[in-house]
Each structure stands twice: as structure tokens, then as C-alpha cells.
Amino acid sequence: MPAQLNGSMTANIPIRIPGDQTNTTTTVLIKQHKHSRSSYSESSPLANSRNNSLTFRPPKRLMSNPDKTIAVINASGRQAASLIRVATAVGYHVRAQLRNLEGVVATEVSSNPNVTIFVGELYNRHSPSEANRDVTKHGPLVGVGVNYELISNLFRGAQLAFINTTFYGDEIQIGKALADAAKRAGVQHYVYSSMPDHAAYNSKWPSLPLWAAKHEVEQYVRHLGLPATFVYTGIYNNNFTSLKYPLFCMDLQKDGSFVWEAPFHEDAKLPWLDAEHDVGPAVLQIFKDGPSKWKGERIALAYEYLSPREVCRLFSRGVGRPVRYVRGPIEINVRIPVGYREQLVGLEKLFSPKERDFRKQPAYFGDPKLEISCPSEALELWEGPRGIEEYAREVFPLEEEANGLTWMLEDEYNNDEEVDIHAAATSVEQLRINNDDEDSDDDDNDDVLVMRGRKRDEEGWLA
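For the sequence shown, our numbering begins at 537 and goes up steadily by one.
Dropping the structure here:
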């Protein structure tokens, strides 16, 4: 039984219902790469814990049907999709908003029998113009409003909500409208994925536009008196790619090694999270505990607290190749949404690569108390996280292969010889470079960098 489909099918929102593909071509890879089995290295801090899925198998237990419905937005994003997978597997129903039905994650969500989907944007473009062509710009957008009808329908019959707003449309107004609709619908527990406004903690720190918007929405939710909990997610392990994304590019060298360049101090600790693997179980436990335990609380969802130098060391163990960290400015070599570009400018000011004392690097979550709680509070919610080393070993090569890269199919890394790197059309066919696509005629172009791999389309930014 396919998922139920709701929402107006307007001309500017193409609808494609996934179905059986009778004329598909099956490709058989003769050469298997070494990152194809689950394991922890002996050096992993999780190797001797319950978190090791190879050695720990908890006894199965009967679970009653929760008979609860969760409202979710941006359902193809990493956080939301993670929750949907876990929650529907144990009997929850989900009412999920999807921007469109493009991509493998949207197909997965829309074909889930426990999901009712609402296809459409959370914003309305009343008067299309050149000024509001890019709806990711920070602040109010002339001619762009809120899709109140979709938001109202989304919460109908929902007892719970997991809300992770993004910069598509006016995030603050959309965030407030979602909270208002949840309160009218009588939502019993509202979990909002928030982030800090650093200027609220230290006047010398700049505000990051995307995070400051979330902070303002959080304050509004608190003012409404909703039974709410606020999760602050660490840096996604899943951000890393050898494609030319800014900030988290693992740049593949001719000798087969990787280099990561970012402004963070090499010895300053940062919170890390495998969003696809660990957000869902943690948020589900928050719902199970309920607002009696978590109302009004901020929770740092991060399962490792590592410096960039430590991250590269663990990543190297996982991927089986040298990984080197270089501290430097953020390089933008591809076309990205305006909203994300503004965020990167602010981030480089906040985490200045010129600051020599790692103790002076601002707390990633703004509030030092949240930093101190990493990762102990997150582990109280979910004891089976996937760390950066395991991610590098098991997931990173698969995501790279899905995007058309073949370095993982090469023989063992050889430091004495150059590895033949086949980066299948990454610079032309997979990336839209700054100056090559400025004259696009797409009426709904949000200036999003698109990675088009042979098997997978990435679903969005920072979700």
C-alpha cells in the first residue's frame, strides 16, 4: 500500500509518483571495494561498548502499537528522514511535507505505507519577480509569503511534531506559522531542531543568519507556551564529500590521500553527529520520555566531541588512506544558494582562521553548558551511534560511489604510486560552477548546488 498523497498539484510543482520500473537496467559491479562490511577497528572508542552492532545484540521484545501521529516537515532532509524510518518501523504514523517527489529519499518517504505526504513548499510566491527568484535569501522576501493552508492540514490529527525549518522562504515567518498551527491542533509534544544566535551569548560574536533565524523561532515557540523540546545537532558526518562543496570537501589528492580545509582551529573541539543514523532514534526517545521530562530543555545531539585533527585521524583509520587537515579560509568553487553563502561568510568570521588560541574559539552551540553535555546527554537517548570512523569506513565510500566517483574501487592505497582517480564528470556534469549557469531559465531556480550521481540525487542543504 503506497503512502497517501495530499496537496495541490499546481503547474509549478511537478508530481511524479514512484512506481514499478519495468524497463530498468541492472548494473553488476564485478569489482567490490573493501568498505563493504560492518566493523569497528580495535582503536575505536565504541569497540568495547554496547554500541558495537557486531558484538551486541539486545534481546527482541514485543512493542505495543504507539497509535500516535507525528507531523514532520522537509521530510527528505537527513534529520526528518532518519526519524521517519525509525518511527514508522515501530508503528507511528507520520504526516510529512515534501518540497517535491524528486530523489531517492523522497521516493522512500512517499512509498512508506505509514506516511501521509503533503507535496508543496512551505512558502507561497505571490508575485514572482527577479527580486524573489532566490527564496533562500536571509530576511523578509517581497512577494513571498507562507503556505498557511498546507501547514494547517499537516498538523490535522497529529499529537507530536518534529520541525526542522530551512532557509527556503522566510524561515522565521514559516517557523512561527508552524508553531501557531501546532498549538491550534493541540500538539502534545513539539520538538524543534534549533541552533544558536551567537551574538545573544557574546556581543563580540557575529550572528550566523541561518542559525539566528532558528534561535528566533525557538524564542517564539517558548513564548507560545507549547510543550516543546529543542535539539541542537552537531556537525553532520554526512557533510563530507570529495565533490567541491565548500567547508566540508574531503579533497582527493593525486596520491589517493584526502585533505580537508576549514577555518576551525585544529585543536578546538567540535560536536559531531551522523544525522541519518542517529537523529531518528534520539528524537523518538524524546517523544517516548515526553514533555514531563524534556519540556523547555535544550539537548545537544552530538555523539562525538572532536577537534579537526582528531576527526582526520579517525577518518583516516576508517577510509584506509591518509587524511590531512589544513586550516584556512572557506573556498567557494561552486554555485550555492545565497542563504548558504551568507552563512559561510558569517561562519568564517565567527571561527576566524587567524585566531591562534584554540581556547578562544567560540562554542559551536553558543552555550558552553551544551558543549559540556556532549556526548553524555545524547547517549542517554540513544546508545548505538555511528561514529566518524565507522562512517568513513562504511558510508562515505558508498555515498561517493553513488555520486559517480570510483576511487574506492581502486586497489589498496599505495603511497609510492599515483592512484588512477576516475572522478566521473564531477566538475561538469555533477556540479554547476559559479559562472557557467548564471543565465538559467528555470523559473523556480533556488540556486542550489546539485550533485547528480549515477544512483542518487542529494536532497538539500543543511536539513
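Ideal Cβ positions, reconstructed from N, Cα and C, are used throughout, including at glycine.
These numbers were taken from a predicted model, which means no experiment stands behind them.
Query - Host beta strand (DSSP E) of Val671 (start-end) - result: Following the DSSP letters along the chain, one finds Val671 in no beta strand (DSSP E), marked with neither H nor E.
Report task. Just confirm the distance between the C-beta atoms of Ala914 and Ala836, as a whole number of angstroms; I'd bet it's less than 8 Å. Result -> With a beta-carbon spacing of about 6 Å, Ala914 and Ala836 fall inside the 8 Å limit used to define contacts.
Requested in this report: Check Asn689 in the structure and name its three-state DSSP category.
Outcome: Look at Asn689 here: in three-state DSSP terms it is helix.
Requested in this report: Within 10 angstroms of the Cβ of Asp814, are there 16 or more other Cβ atoms? Answer buried if so, exposed if not.
Outcome: Burial call: buried.
Report task. Over the uninterrupted alpha helix (DSSP H) stretch that includes Arg621, give me the two end residues. Result -> Its alpha helix (DSSP H) spans residues 614-625.
Query raised in the report: In or out: Asp603 buried (at least 16 other Cβ within 10 Å) or exposed?
Result: Per the 10 Å Cβ criterion, exposed.
Report task. Please specify which runs of the alpha helix (DSSP H), each continuous and at least 4 residues long, are wholly inside the segment 806-859, giving them in chain order. Result -> Every alpha helix (DSSP H) of 4 residues or more that sits fully in the segment 806-859 is shown, in chain order, as 811-825, 827-830, 844-855.
**Report entry** For Thr756, the first and last residue of its enclosing alpha helix (DSSP H)
**Finding:** A small fix is needed here, since residue 756 is Tyr in this sequence, not Thr. Looking at the DSSP string, the run of the alpha helix (DSSP H) that includes Tyr756 is 745-760.
Query raised in the report: Starting from Ile606 and walking both ways along the beta strand (DSSP E), at which residues does that stretch end?
Result: Run containing Ile606: 605-608, per the beta strand (DSSP E) assignment.
Query - Where Gln789 falls: helix, strand or coil (DSSP) - result: The three-state secondary structure of Gln789, taken from DSSP, is coil.
Report task. Using a threshold of 8 Å, state whether the C-beta atoms of Leu883 and Leu744 are closer than that. Result -> Taking a C-beta distance under 8 Å as the contact criterion, Leu883 and Leu744 qualify as a contact pair.
Report task. Name the residue from Pro865, Leu886, Ile872, Gly856 whose alpha carbon lies nearest to the alpha carbon of Leu945. Result -> It is Gly856.
Query raised in the report: In terms of alpha-carbon separation, which member of Arg895, Ser647, Asp716 lies closest to Ser843?
Result: For the set Arg895, Ser647, Asp716, the Cα lying nearest the Cα of Ser843 is the one of Arg895.
Query raised in the report: Gln755: which of Phe800, Ala715, Gly902, Pro904 sits nearest, CA to CA?
Result: That would be Ala715, whose Cα lies nearest to the Cα of Gln755.
Report task. Count the other C-beta atoms from every protein chain shown that fall within 10 angstroms of the C-beta of His759, then say buried if there are 16 or more, exposed otherwise. Result -> Around the Cβ of His759, a 10 Å sphere holds fewer than 16 other Cβ atoms; the residue is exposed.
Report task. Taking only the alpha-carbon atoms, compute the straight-line gap between Phe592 and Ser646 and give it to the nearest angstrom. Result -> Model confidence at Phe592 stands at a pLDDT of 48, short of 50, so the residue's coordinates are unreliable and nothing is read from them.
Requested in this report: In the DSSP assignment, find the alpha helix (DSSP H) that holds Tyr876 and state where it starts and stops.
Outcome: Segment 874-886, the alpha helix (DSSP H) holding Tyr876.
**Report entry** Residue environment, His801, which counts as buried when at least 16 other CB atoms sit within 10 Å
**Finding:** Counting C-beta atoms within 10 angstroms of its own C-beta, His801 has 16 or more neighbours from the protein chains shown and is therefore classed as buried.
Query raised in the report: Can you give the Cα-Cα distance for His751 and Lys790, rounded to whole angstroms?
Result: Cα to Cα, the separation comes out at about 42 Å.
Requested in this report: Count the C-beta pairs between the segment 699-708 and the segment 606-617 that are closer than 8 Å, then say yes if the count reaches three, no if not.
Outcome: Touching, yes.
Query raised in the report: What is the DSSP secondary structure of Tyr684, reduced to helix, strand or coil?
Result: In the displayed model, Tyr684 falls within a helix according to three-state DSSP.
Query raised in the report: Based on the DSSP output, what are the partners of Ala718 in its beta bridges?
Result: Ala718 pairs with nothing; no bridge assigned.
Query raised in the report: Do Phe654 and Arg631 have their CB atoms nearer than 8 Å?
Result: In this structure, Arg631 lies closer than 8 Å to Phe654 by Cβ.
Query raised in the report: What residues match up with Val767 in a beta bridge as DSSP calls it?
Result: In the DSSP assignment, Val767 is bridged to Ser729, Ile835.
Query raised in the report: Using a Cβ-Cβ cut-off of 6 Å (strictly less than) and excluding sequence neighbours within five positions of Pro742, which residues of its own chain qualify?
Result: Short of 6 Å from the beta carbon of Pro742, and not among the five residues preceding or following it, lie these beta carbons of its own chain, in chain order: Gly882, Lys885, Leu886.
Requested in this report: Determine the extent of the beta strand (DSSP E) in which Leu696 is found, giving its start and end residues.
Outcome: For Leu696, the enclosing beta strand (DSSP E) starts and ends at 696-699.
**Report entry** Short Cβ contact (8 Å threshold) for Phe794 with Asp803
**Finding:** No, the pair does not count as a contact, with Cβ atoms beyond the cut-off.
Requested in this report: Take the Cβ of Asp706 as the centre, count every other Cβ of all protein chains shown within 10 Å, and call the residue buried at 16 or more, exposed below.
Outcome: It counts as buried.
Query - Length of the line joining the Cα atoms of Ile866 and Gln879 - result: C-alpha separation (whole angstroms): 11 Å.
Query raised in the report: Assuming Val678 contacts Val671 under a Cβ cut-off of 8 Å, what Cβ separation, rounded to an integer in Å, is found between them?
Result: For a cut-off of 8 Å, the C-beta gap from Val678 to Val671 is around 11 Å, too long to register as a contact.
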